[in-house]
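Chains as they are written, first to last, in our numbering: chain Y, 10 to 435; chain L, 10 to 435; chain C, 10 to 435; chain Z, 10 to 435. Ideal placement from N, C-alpha and C gives every residue a C-beta, glycine not left out.
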């Protein structure tokens, strides 16, 4: 028995899907200890936007380590943190006229969501947060209350209160979903929050992803999200965008909402912002709300991750010009072009997405599972998401070489076609 | 205005206490950008047990980065993770006959506590957790419910339910504390849990630190903690030890409870286990409880931190022999010998601790604040904790050179003596 | 200063609306201490279905008192209780093939709702209850969680959890209401409860009034309520009908749902069932759910109100034949005929109702208040309800003499017309 | 099968203990339908302080009914209500210099507790209420949170939050109880509420019975209750006395706390105040807290029970002079004199109480059950209470004739002695 069999917790999951031991990694490829290579369309669940072991970043980190730079600093000031904050402000915030401040917390996405929820409650004096069906926001108790999936919710062991879920406003109907999303949901929400006998009081905040990644790559309708932002203002609620998985360039611009004409009060970031896959989380908060914090009210030991500042600083270079974002948009089209024929051939298949996050809804979790397993056998790492795991999700490194993208798509298309045909024949 | 003034969140705290910008660090010393050196008795809030930029670790990490090892792996298997798990099992668990499994989660202490609470609730079908006054367990909503400090609790914005607090069993009375700790508290707890009309039902778990670090370096009485462990068994509750700050060698052996004759069902670890200050968290869970997990029920993006596995693996070397632990015990005595005269001269001063965590209770938060500030001016980083911040806490790197320890103690003793005299004169 | 000014709690409310001191009452009339008579269209908030001081009932109660019958009996058996239970079973349950058992509890409507909620949670092992916007179910903490009105909810002082509110399915659109009621709400609910990522798990029960009385006389659509009952079965939830205000003959048959083809698992009754206005509450519970109770789990001192059994027994006589119910239906038509012209003359007016509960929505709470006040001056007791108090509600005694009904309607019509014209002129 | 077997809810309880059908009642005697008479030491769970069918009261009620007085009036003013309020103010409040206002609510004890909890939360802006182990405060969700007994709590089906339980300060140690009551519990509470790191914030109110009736006739120590009242003031919490079972003369004066030198902010009354056993509940509230109510925030249909005002007014006559209270104190001594020998003969027996509430703790619920059953057979109605039902509780009508009291005590003493001897022999 290996040590994994002997001693690893029964909670292990991805290692069941990808039953091997990985040893090396480079950009969009991982190599296991037997030397077998895999193209990676999963990218560490959306962390590795700039590829495994991005060489510009590893070089910077090695330099930093060898120079004796401070590695761990809580929320003390360091020169590395200053460089990161200046770069982020100049490259990302100022061009967008965003006045937001930067808050660092425990280096996990769930922690950034917890901090955002706390602040919204503090700033409004209200308790309820509105989140949306199919939303995913994390696993710690506060964030879990906002996560919609019952499998995760059932693990809480206590009631998950103070969050209400409503239907998400997808940009087009999802097959099999009758939650009633779309524009009329906003009118209903407004009616609920302005009728003092609805039983439901206005929330501290509306918390949402612009694209529900774990929820099955559900893309918010632009009109819907604008109307929601407007409603939030009307009823005195904050708008919190959880851009943890789809921010940092994933959709073809830094923020997923850059083309949505909304102005979130808080933006939650994590995953990709540390560049190299070392942990980091950061909230962008408008000063008028940030001022509600008292010093140290939401602490955490690993707030000052200087290796992440160093690698994250290199990552910001990718946003100093348009090269990578152009590639993302082009690659996104390449993906759609390759997958669209599948949707035309198989009625059950539905394709959603934006930039380099694409969902291939095959209508059934068991089918998706087969596709994922056969892809793995053929050297492609890919994962499923959505209700019952029915959506195969593509989130490769944004830096993926063309040939890797093509090869990965070839495997995926062939496997999917074969699995769907076998299903139809059965 | 610096970027910190312009853009850093109002929540910032330690940088207010240490108003400078750090640039380099080496073992027990940090250097700011003006070249001023500081001896570090704070060690990143107990993370850097093996010193800043421990050279054996940075070398291993640099090698790993240059060899193209997998950096980020979620909960997939990697060769680095295997090495870590094997080393931990051989060095730490087997010699203690501990059958516990290793669970990795989001790399923060708060996340490990959340996971432990979930599992205890799942395994018992109960909701309440018992935690203790002055306990600190984290900032996310589940862990925050167990954290006692009102300043942190008030930031929740929602009621913190499903945790009940009782008095902690200190090994000696704390000046000014009348919470009624000590052995009789166990009889009271047993009475509460066996009287069906007490209004309080038996909990899923008792969650405690053996030494309440943030709570003011309160050391649990050995008889009390054994009786508590016994009570937990009697009433069908799990015993969870949060060893996040005082484990990993801090008290002179790997676990803080190695000499307490208790057998915790779950041990929460974080902070020091990543060796270098890169994030990592791990729970040790008895198999009979671990089996209650279903795959992936408590996930998190940054579960597979291979740089932490690599550095953490080097950290485990320190436990292959007794050298470091012997030094910790000796240094602990050195500290006490140096500080004891202060307690003899100043009635208000009370000293607690074990190994290399020592608390200097000066009886008043404002005095402690002055001491911390004057130490900073004189080149010593140290922090306060406990109710109202009245306890100056010493948690230097375990690897601190003798001369740094002496020099730091000299500063601390002199500053404390001077502040206490001025106070007496005022 | 009167004793009321000196010593009555600031919470007093109806006595502010009707500023006099009542002395005598008889069927549909009350007389104040100055001898002024009032026609009563309010009937003790729907308690006095059989009129004030119903002479058959007072005679029976006087006889009972003079014979030394047991007055207070907790849940012990008495001969009076037996007579009541037998009469109720023969007259009400058996003709409808209802197998329900009778549960008596603390003699308030809110207590019957609390008991129903407890039992539904016990029987299903679930925590959430679904209630509906504009629903009213009581003031104690459990029932208050289901009551929609924010004014009442705000008085709780603690979060009201474990109840979710959805839009009620009115039989026609209510002016100014955009909550999105109607048939499609059922499809949405079904989608929510069958999508494991909606964030919302199936409830223990759906709790509703067939006509939301306090909510503004909103009448449920028959198709909607049948679909809801069907959905409850599909998702394993109980159907609880709160018939406290609109049962007991108010709509023209004993239960408000007699013509709706639904089969509620629990029916909550109170108000009118004690006949004379002495307190009593009773739940009808299907045996398969009732069996989940253990003895005495939901107790209450005043469960055995024998004066209410005696008067309530006389009240059941009214259901041994069709005379009263025919009168109710005819009187209901008389009311509508009289009020309909108001709706035709004033756009703002909307009329809803069934049998002898009729709502006159005048579109604005201040207008309704004026109407209520002028009616009082002219000798008519009537009250307003609904969001902001915009609906004038008619719930006279079912036994009201024709001339009193006519006279009351004359006052109401004239006052309303005058107030609406003055408003239009302003 | 009788109608009770066919149709009464499985929740029935007292009718299982007293398996007969009662028909008549007079002062301290009930007669079943077979003509068998029972002496009543239970008095409707403490409702019938003035005896079954008190003739002065039934006469007044019959007069009132025959005169056409208003029976049901919500919170409108009636002449009967005025008489009651004036009498109560003159006889009870003014002689004690109590400025309290009278608040009427739904006519159950649980409802009065709910109202008190709401108001305390409103007035302080805090959520937690402190209640005490073995306390009983009702069955609706808010009051149930304060009730200690797990059997009742388990029926809630949802977590009971926002109430914390501490050990009650009995005037002498209870056999088998190790909850640690007594004076030191106050110091512990003060420590908890003044230590900002205890994990427990000061409550909105301390809610307690001066004698825990259902909890096993546990009498509060006078020093303890005064210290608690003092602590409440110090930490800004209200003091709420639930005098529902032990007020209204039960202990030998109107309030149970008349000799305790405390000044409660809210007093909850119900049970006996309606005189005849018709429902009524009333809170006495200091004006400075009562002013926090907005009109109608805590409503209820049966707030204006004029039959209870009429009978309750007669009941107040008993407090216009000292005759009845003198009798209560004398009868209390008679009871103790009769029972004391039992305690001397049987080690397991412990006697507690004050005035005409006396507990005979026989050490074991099964023994108490046998005693209750044999007493019933021999014509004595008596009930058990306390943890596991181990305490036989005597609460006869205060108006009990001497011969009935003697005869009842004879039965009880003989039965108890016999059961205890058989137990000892077994």
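Evaluate residue i with the Cβ neighbour count: other Cβ atoms within 10 Å of its Cβ, from every protein chain shown; 16 or more gives buried, anything less gives exposed.
i, result
"residue 345 of chain C", "exposed"
"residue 110 of chain L", "buried"
"residue 105 of chain L", "exposed"
"residue 7 of chain Y", "Since the first and last residues shown for chain Y are 10 and 435, residue 7 of chain Y lies out of range."
"residue 270 of chain C", "exposed"
"residue 296 of chain Y", "exposed"
"residue 363 of chain Z", "buried"
"residue 353 of chain Z", "exposed"
"residue 10 of chain Y", "exposed"
Less than 8 Å between the beta carbons of residue i and residue j, yes or no?
i, j, result
"residue 190 of chain L", "residue 200 of chain L", "no"
"residue 395 of chain Y", "residue 370 of chain Y", "yes"
"residue 122 of chain C", "residue 180 of chain C", "no"
"residue 290 of chain C", "residue 116 of chain C", "yes"
"residue 70 of chain Y", "residue 91 of chain L", "no"
"residue 156 of chain Z", "residue 146 of chain Z", "yes"
"residue 325 of chain Z", "residue 422 of chain Z", "no"
"residue 420 of chain Y", "residue 376 of chain Y", "no"
"residue 20 of chain Z", "residue 304 of chain C", "yes"
If you reduce the DSSP assignment to three classes, tell me which class residue i lands in.
i, result
"residue 335 of chain Y", "helix"
"residue 47 of chain Y", "strand"
"residue 99 of chain L", "helix"
"residue 226 of chain L", "coil"
"residue 110 of chain C", "strand"
"residue 85 of chain L", "coil"
"residue 94 of chain C", "helix"
In its own chain, which residues sit with a C-beta less than 8 Å from the C-beta of residue i, not counting the 5 before and 5 after it?
i, result
"residue 381 of chain Y", "26, 391, 392, 393 and 401"
"residue 136 of chain C", "130, 171 and 213"
"residue 89 of chain Z", "73, 78, 79, 315, 318, 319 and 322"
Please list, in chain order, the chain Z residues whose beta carbon lies closer than 9 Å to that of residue i.
i, result
"residue 120 of chain C", "115, 117, 119, 120, 148 and 149"
So which residues on chain Z does residue i lean against when the C-beta distance must stay under 8 Å?
i, result
"residue 168 of chain L", "136, 170 and 171"
Taking residue i as the query, report the chain C residues whose CB atoms sit under 9 Å from its CB, ordered along the chain.
i, result
"residue 39 of chain Z", "79, 82 and 85"
List the residues of chain L whose Cβ lies closer than 7 Å to the Cβ of residue i, in chain order.
i, result
"residue 74 of chain Y", "67, 70 and 71"
Quick one: list the residues of chain L neighbouring residue i, beta-carbon separation under 8 Å, in chain order.
i, result
"residue 12 of chain Y", "91, 94, 95 and 98"
Please list the partners that residue i has in chain Z, where partner means a Cβ-to-Cβ separation under 7 Å.
i, result
"residue 110 of chain C", "16, 17 and 18"
Give every residue of the same chain whose Cβ lies closer than 7 Å to the Cβ of residue i, excluding the five residues on either side of it in the sequence, and list them in chain order.
i, result
"residue 152 of chain C", "119, 122, 123 and 146"
So, for residue i: in the same chain, excluding its five sequence neighbours on each side, which residues have a beta-carbon less than 6 Å away from its beta-carbon?
i, result
"residue 341 of chain C", "364 and 365"
"residue 49 of chain L", "37, 39 and 390"
Could you work out which residues of chain L lie near residue i, taking near to mean beta carbons separated by less than 9 Å?
i, result
"residue 160 of chain Y", "303, 305 and 306"
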